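Below is one structure; the comments refer to it alone.
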Amino acid sequence: MNYWPLAGIAIVVIGFALRFNPLLVVVSAAIATGLLAGLDVVSVVEALGKAFNDNRYISVTWIILPVIGLLERYGLQQRAKALIETMRGATMARLLVAYLAFRQITAAIGMKDIGGHPQTVRPLVAPMAEAAATKTHGKLPEDERQKVLAMSAATDNVGLFFGEDIFFAIASILLIQGVFESYGYPLTPLQLSVWAIPTAICAFIIHGWRIRALDRRLGLPLRAGEGDQSRTRSGNGGGAAGAAMPLHPSPKGEER
Numbered sequence: 001m002n003y004w005p006l007a008g009i010a011i012v013v014i015g016f017a018l019r020f021n022p023l024l025v026v027v028s029a030a031i032a033t034g035l036l037a038g039l040d041v042v043s044v045v046e047a048l049g050k051a052f053n054d055n056r057y058i059s060v061t062w063i064i065l066p067v068i069g070l071l072e073r074y075g076l077q078q079r080a081k082a083l084i085e086t087m088r089g090a091t092m093a094r095l096l097v098a099y100l101a102f103r104q105i106t107a108a109i110g111m112k113d114i115g116g117h118p119q120t121v122r123p124l125v126a127p128m129a130e131a132a133a134t135k136t137h138g139k140l141p142e143d144e145r146q147k148v149l150a151m152s153a154a155t156d157n158v159g160l161f162f163g164e165d166i167f168f169a170i171a172s173i174l175l176i177q178g179v180f181e182s183y184g185y186p187l188t189p190l191q192l193s194v195w196a197i198p199t200a201i202c203a204f205i206i207h208g209w210r211i212r213a214l215d216r217r218l219g220l221p222l223r224a225g226e227g228d229q230s231r232t233r234s235g236n237g238g239g240a241a242g243a244a245m246p247l248h249p250s251p252k253g254e255e256r
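Put into structure tokens, the structure is as follows:
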């Protein structure tokens, strides 16, 4: 068996570790794998071109990114924050739990590209979650603000990751089905996707609890206030310690 084509994996690992251009690393690894597998240069380029042509629909989703950039430039994030500020009972926990449910449901029916970090989280979900947290708990310190933004991104990840496997035509389900079939276990994609439902429910409950826990922690006394109190306490303690020290030591250095 020829193991040389596996060198493409090493090229990818080394290239990413050295922080080279990702596109250059992937293309170099693909060409090296094809050549080491015994293909000529023309066949390798032909295979790359065919793969790109067969999957060109994937690039369509990137067309909306310039539109989102223009909307952000003209105040999309500010309008999202203003919308949350006018809503009664809007909290960070309720907003993110609702988005988690929306993300899981849409991913479960195959609409996994309807959300995402560039098109949904950055311009809409994260600003709205920050505005809801500020409305409930007041102005947040920078580290707490970053936690809210990170939780918004994590909510999108969890909703997509555990929701898309419920859709029986997703690539991961087809891959699992192919592996099982190759080992003599014929299963339909629907049989596999059904077993993703309990996992998705558990993920929703666990991550929903994490969101609510973060929202409760934001309501605790600010660390800055606690730091001021501790500094006051230490100042008082320092004064007490200073009062206990002799104010007029004897000329010989002995305490009176």
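The numbering of the sequence shown is the UniProt record's numbering, which starts it at 1 and goes up by one.
Don't be surprised by glycine CBs; every beta carbon is placed ideally from N, CA and C.
In this text the structure is predicted, and so the values were computed from the model without any measurement.
Residue nearest to residue i in terms of C-alpha spacing, selected from the options
{"i": "LEU187", "options": "LYS139, VAL25, LEU174 and HIS117", "result": "LEU174"}
{"i": "VAL194", "options": "ARG94, LEU39, PHE168 and TYR74", "result": "PHE168"}
{"i": "ALA98", "options": "ALA10, THR33 and TRP209", "result": "TRP209"}
{"i": "GLY89", "options": "ARG73, LYS112 and ALA131", "result": "ALA131"}
{"i": "MET128", "options": "VAL42, PHE204, VAL41 and THR86", "result": "THR86"}
{"i": "THR33", "options": "MET92, PRO5, ILE176 and SER43", "result": "PRO5"}
{"i": "LEU149", "options": "TYR185, ASP40 and MET92", "result": "MET92"}
{"i": "ILE170", "options": "GLN104, SER43, ALA133 and LYS112", "result": "LYS112"}
{"i": "PHE52", "options": "ALA30, GLN191, HIS207 and PRO66", "result": "ALA30"}
{"i": "ALA108", "options": "ARG217, ILE206, PRO198 and LEU220", "result": "PRO198"}
{"i": "GLN104", "options": "LEU218, HIS207 and GLY49", "result": "HIS207"}
{"i": "ARG217", "options": "VAL67, GLN177 and ALA133", "result": "ALA133"}
{"i": "GLY138", "options": "VAL42, GLY219, GLY49 and ASP40", "result": "GLY219"}
Endpoints, the alpha helix (DSSP H) within which residue i is located
{"i": "GLN191", "result": "189-194"}
{"i": "TYR99", "result": "92-108"}
{"i": "LEU65", "result": "64-73"}
{"i": "GLY8", "result": "7-17"}
{"i": "LEU76", "result": "76-85"}
{"i": "GLU181", "result": "171-182"}
{"i": "ILE31", "result": "22-36"}
Straight-line gap, residue i to residue j (C-alpha atoms, nearest Å)
{"i": "ARG212", "j": "LEU96", "result": "9 Å"}
{"i": "ASP228", "j": "GLU142", "result": "Confidence at ASP228 is low in this model, with a pLDDT of 43, below 50, so the placement of that residue should be treated as unreliable; the coordinate-derived value is given next. So the two alpha carbons sit approximately 17 Å from each other."}
{"i": "ILE14", "j": "SER28", "result": "12 Å"}
{"i": "PHE102", "j": "ALA153", "result": "14 Å"}
{"i": "ALA126", "j": "GLY110", "result": "24 Å"}
{"i": "SER182", "j": "VAL158", "result": "30 Å"}
{"i": "VAL45", "j": "LEU35", "result": "10 Å"}
{"i": "THR106", "j": "THR120", "result": "13 Å"}
{"i": "GLY75", "j": "ALA82", "result": "10 Å"}
{"i": "PRO123", "j": "GLY163", "result": "22 Å"}
{"i": "GLY115", "j": "MET151", "result": "15 Å"}
{"i": "LEU18", "j": "GLY69", "result": "30 Å"}
{"i": "SER172", "j": "HIS117", "result": "21 Å"}
{"i": "LYS135", "j": "GLU72", "result": "22 Å"}
{"i": "residue 257", "j": "ILE9", "result": "Absent from the structure is residue 257, since the part of the chain shown begins at 1 and ends at 256."}
{"i": "PHE20", "j": "GLY38", "result": "26 Å"}
{"i": "ILE11", "j": "PRO22", "result": "11 Å"}
{"i": "LEU100", "j": "GLN77", "result": "20 Å"}
{"i": "GLN191", "j": "PHE161", "result": "19 Å"}
{"i": "ALA7", "j": "MET1", "result": "14 Å"}
{"i": "ALA179", "j": "PHE16", "result": "In the sequence on display, residue 179 carries Val and not Ala. Looking at the two C-alpha atoms, the distance is approximately 28 Å."}
{"i": "ILE176", "j": "ARG79", "result": "43 Å"}
{"i": "ARG94", "j": "PRO189", "result": "34 Å"}
{"i": "VAL67", "j": "GLY184", "result": "48 Å"}
{"i": "PRO196", "j": "CYS202", "result": "The question names Pro, yet the displayed sequence has Ala at residue 196. Each residue's Cα considered, the two are about 10 Å apart."}
{"i": "ASP40", "j": "GLU144", "result": "55 Å"}
Buried or exposed (CB count within 10 angstroms, at least 16 for buried), residue i
{"i": "residue 263", "result": "Any answer about residue 263 is impossible in this case: the structure gives the chain only from 1 up to 256."}
{"i": "VAL25", "result": "buried"}
{"i": "ALA200", "result": "buried"}
{"i": "residue 317", "result": "Any answer about residue 317 is impossible in this case: the structure gives the chain only from 1 up to 256."}
{"i": "PHE204", "result": "buried"}
{"i": "ASP215", "result": "buried"}
{"i": "TYR3", "result": "exposed"}
{"i": "LEU65", "result": "exposed"}
{"i": "GLN146", "result": "exposed"}
Notebook entry, point to check: Going along the chain, which unbroken runs of the alpha helix (DSSP H) with 4 or more residues stay wholly within the stretch 106-145?
Noted result: 126-137
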